[in-house]
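Just below is one structure, and these are the notes that go with it.
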Amino acid sequence: MKIVLTGGGTGGHVYPNLAMLPYLKNFEVYYFGSNGMEKELAKKYNLPFYETKTVKFERKNLLKNFALPFKLSQCKAQAAKLLEKIKPDVVLSKGGYASLPCTLAALKLNIPVICHESDLSLGLANRVAKLSGATLATANEETAKKYGGVFTGIPLRRELFKLSKDEAKKALKINKKIILVLGGSSGAKAINDCIPSFAEKIPSDTCIIHFTGKNKKLGFSKENYMQIEYSDDMATYLNAADVVVSRCGATALHEIAALKKRAVFIPLPKGTSRGDQVENAAVAKKHGGIILEQPKLSPENLLSAISLAEKPMTPICENPNEKLLKLILEKAK
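Take the sequence shown: its letters are residues 0 to 332, numbered as in numbering that gives the first Met the number 0.
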């Protein structure tokens with residue numbers, strides 16, 4: 000059997016697809032995406048990669064969207080030619096603008112499509128895909144009930160569960176308490192701006208590991224403070240952490256909860272995004288995460304929020320990869 004994975008632009012639209020690879024051993028796997036991070040990651044995982052033209056809905060300048068239907072039609076036509084060549088049995092779409100041409104082309108060719116939604120509400124690409132006939136898989140039970148989908152959770156990478164906390168700390172050569180600060184693959188300016196002053200308040204028995212985002216290096220250094228722009232080995236850092244401070248992107252939320260970490264989430268405010276992280280924060284709180292709204296972010300409030308994160312989070316979904324694989328096998332021709 001053959002399967003096409005599609006989705007890209009950010010880690011949340013790529014890593015869950017890649018997390019399914021160990022479960023797709025009976026499939027020939029192909030990846031469709033844009034000239035984004037998915038292209039390099041597909042190469043790393045030795046996946047045949049097909050770059051497709053994409054269009055993106057402009058939320059800030061709506062006038063730019065008038066030509067979108069025409070451009071999308073061209074993108075679909077290109078994706079359709081590639082799909083006719085490969086003849087996949089099923090397409091798994093992780094949503095986002097990079098997935099839409101492949102998704103719509105597959106549906107027009109009567110190829111079964113599963114579109115996976117990580118957030119509580121549907122993103123635009125998944126709304127369009129579902130209306131066009133795709134089967135909806137959801138990360139959250141509430142989403143499945145609201146939109147008529149199948150609750151599978153978010154696929155999680157196997158490497159997340161290979162190390163204990165002690166083994167991870169030993170690998171990093173750190174024997175202190177660790178506060179892990181994550182701003183997402185592209186970084187988070189509000190969090191980055193706060194951390195230098197916050198680091199001055201941390202006791203000597205604690206180490207801060209701060210992921211600033213690619214090309215977001217800060218001109219700040221201090222003992223017991225480690226600054227990293229990006230790493231492909233997030234599993235080691237996540238396992239080593241005693242407390243995680245993170246944006247509230249869905250993939251990060253589900254991974255942190257699955258590892259049962261104490262956690263503080265600083266969701267990206269609505270207006271800066273479509274508001275999905277604010278909605279995700281409700282899920283995080285339900286499963287034991289502490290929420291600190293960005294307008295209230297300060298070194299003092301962050302320290303207070305961490306002190307409130309006394310209990311480990313509880314997993315949001317058990318065995319998500321197996322559940323999504325079952326749905327894939329049901330839909331594959």
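We treat Cβ as the ideally placed atom computed from N, Cα and C, and that holds for glycine. Source: prediction; values computed, not measured.
Top-ranked residue by Cα proximity to residue i, from the options
| i | options | result |
| --- | --- | --- |
| Ile29 | Lys1, Val277, Leu179, Leu119 | First, the amino acid is wrong: residue 29 is Tyr here, not Ile. The option with the nearest alpha carbon to Tyr29 is Lys1. |
| Ile118 | Leu108, Gly95, Thr102 | For the sequence presented, residue 118 should be read as Asp rather than Ile. The shortest Cα separation from Asp118 among Leu108, Gly95, Thr102 belongs to Gly95. |
| Glu317 | Ala283, Lys260, Ile153, Ile208 | Ile153 |
| Glu329 | Thr51, Leu91, His12, Lys38 | Leu91 |
| Lys176 | Thr137, Asn223, Leu217, Phe210 | Asn223 |
| Ala281 | Ala79, Asn139, Tyr14, Met19 | Asn139 |
| Lys169 | Glu228, Lys144, Thr235 | Thr235 |
| Glu299 | Met19, Lys42, Phe31, Cys193 | Cys193 |
| Leu81 | Leu108, Ser203, Asp165 | Leu108 |
| Gln226 | Leu217, Lys144, Leu258 | Leu217 |
| Ser33 | Ala308, Thr205, Thr51 | Thr51 |
| Lys145 | Lys70, Leu20, Glu278, Ser120 | Ser120 |
| Thr211 | Ser230, Lys221, Ser196, Thr205 | Ser230 |
| Glu292 | Lys269, Glu309, Lys70 | Lys269 |
Cβ neighbours of residue i in the same chain (closer than 8 Å, five flanking residues each side left out)
| i | result |
| --- | --- |
| Arg246 | Leu181, Gly182, Gly183, Ala187, Ile190, Phe264, Ile265, Pro266, Leu267, Gln276 |
| Leu296 | Ala189, Ile190, Cys193, Ile265 |
Burial state of residue i (16 or more Cβ within 10 Å)
| i | result |
| --- | --- |
| Asn125 | buried |
| Asn238 | buried |
| Leu17 | buried |
| Tyr333 | Here the chain covers residues 0 to 332 and nothing more, so residue 333 does not appear. |
| Thr9 | buried |
| Gly11 | buried |
| Pro15 | buried |
| Arg156 | buried |
| Leu179 | buried |
| Gly288 | buried |
| Ala76 | exposed |
Residues near residue i in its chain [Cβ-Cβ closer than 6 Å; skip 5 each side]
| i | result |
| --- | --- |
| Leu61 | For Leu61, the predicted model reports a pLDDT of 44, less than 50, meaning its position is unreliable and no value from the coordinates is stated. |
| Ala66 | Because Ala66 carries a pLDDT of 47, less than 50, the predicted location of this residue cannot be relied on, and no value is offered for it. |
| Lys93 | Gly6, His12, Pro15, Asn16, His115 |
| Asp241 | Lys176, Ile177 |
Limits of the unbroken alpha helix (DSSP H) element including residue i
| i | result |
| --- | --- |
| His253 | 249-257 |
| Leu403 | Residue 403 cannot be examined here, being either before or after the span of the chain that is shown, 0 to 332. |
| Val127 | 123-130 |
| Ser306 | 298-307 |
| Glu278 | 275-285 |
| Ile190 | 188-198 |
| Leu323 | 319-330 |
| Leu40 | 36-43 |
| Thr142 | 140-146 |
| Glu166 | 164-171 |
| Ala234 | 233-239 |
| Leu17 | 14-18 |
Residue i, enclosing beta strand (DSSP E) - first and last residue
| i | result |
| --- | --- |
| Thr137 | 134-137 |
| Cys206 | 205-210 |
| Tyr29 | 27-32 |
| Leu179 | 176-181 |
| Met225 | 224-227 |
| Tyr49 | 48-50 |
| Cys316 | Premise fails: Cys316 is in no beta strand (DSSP E) and is neither H nor E. |
| Leu91 | 89-92 |
| Thr53 | Taken as a continuous stretch (DSSP letters only), Thr53 belongs to no beta strand (DSSP E), as it is neither H nor E. |
Proximity below 8 Å, CB of residue i to CB of residue j
| i | j | result |
| --- | --- | --- |
| Val149 | Ala133 | no |
| Asp88 | Lys332 | yes |
| Lys260 | Pro311 | yes |
| Cys74 | Pro47 | no |
| Lys164 | Leu302 | no |
| Ala97 | Gly35 | yes |
| Leu258 | Leu159 | yes |
| Thr151 | Ala136 | yes |
Contact test: residue i Cβ vs the ligand FAD heavy atom, cutoff 7 Å
| i | result |
| --- | --- |
| Phe264 | Because no ligand of any kind appears in the structure shown, any question about the ligand FAD cannot be addressed here. |
Close Cβ partners of residue i (< 7 Å) along its chain, the five nearest in sequence each way excluded
| i | result |
| --- | --- |
| Ala283 | Cys247, Leu252, Phe264, Ile290 |
| Glu254 | Leu155, Leu159, Leu237 |
| Pro319 | Thr151, Gly152, Ile153, Pro154, Leu155 |
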